[in-house]
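S.K.:
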Amino acid sequence: MSPSASPTARSPASYWADIFRPAIHRYDPKSGETKTWHPPEKLGSFALREAGGLLLAARSGLAFFDPQSGVFEIVYNPEPDLPGNILNDGKCDRKGRFWVGSMGFLTAGCLRRPTTSPARQTAPRSMRKGVFGTCSGMARALRATPPTDVSTK
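Using the numbering used here, the letters of the sequence shown map in sequence onto residues 1450 to 1602.
Structure, rendered in structure tokens:
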């Protein structure tokens, strides 16, 4: 299990994922209730969407997932030329832009911030693991990246 979304001003709930089951769990400290939803494919990470639902870094690409209805829609595959790669760790920066790393065992993965014209943000690596943030935003290595306009809206 890996924590993915912490309590925010909008919601005191905590979310976490079981990437192998696959399952997304939500704990509400006010009610003491835990809810679980099962997307149709394995996921590496996810983010809450401002418009409702979740953005998943799923096996087939980035997907919108509505836990209430079960609707799952692949909206973008960043590496269609690398079918052995999977999306792995992902995180929103302070501006709401979703960064996601891919990994491959036979091919190289990379770190991306998907946009309308997605560009690779790092040179290919064999595995991208551990996208993380700091109080001042994304990690120092990512701050030098030119900005683009992707969000979880």
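Built from N, CA and C at the ideal position, the CB exists for glycine as well.
In the DSSP output, which residue or residues are listed as bridge partners for F1513?
M.R.: L1504, E1522
S.K.: Taking all protein chains shown into account, do 16 or more other C-beta atoms lie within 10 angstroms of the C-beta of D1542, making it buried, or fewer, making it exposed?
M.R.: buried
S.K.: Identify whether A1472 lies in helix, strand or coil by the three-state DSSP scheme.
M.R.: strand
S.K.: Just the Cα atoms here: how many angstroms apart are L1503 and F1547?
M.R.: Cα to Cα, the separation comes out at about 12 angstroms.
S.K.: Below 8 angstroms on the Cβ atoms is my guess for P1516 versus W1486; work out the distance and round it to an integer in Å.
M.R.: 4 angstroms
S.K.: Pull up the distance between the alpha-carbon of Y1476 and that of A1466, whole angstroms please.
M.R.: 12 angstroms
S.K.: Could you check the C-alpha separation between A1506 and T1483 for me, to the nearest Å?
M.R.: 22 angstroms
S.K.: When we look at the beta-carbon of F1514 and count the other beta-carbons within 10 Å, is it buried (16 or more) or exposed?
M.R.: buried
S.K.: Taking C-beta to C-beta, are L1511 and V1524 nearer than 8 angstroms?
M.R.: yes
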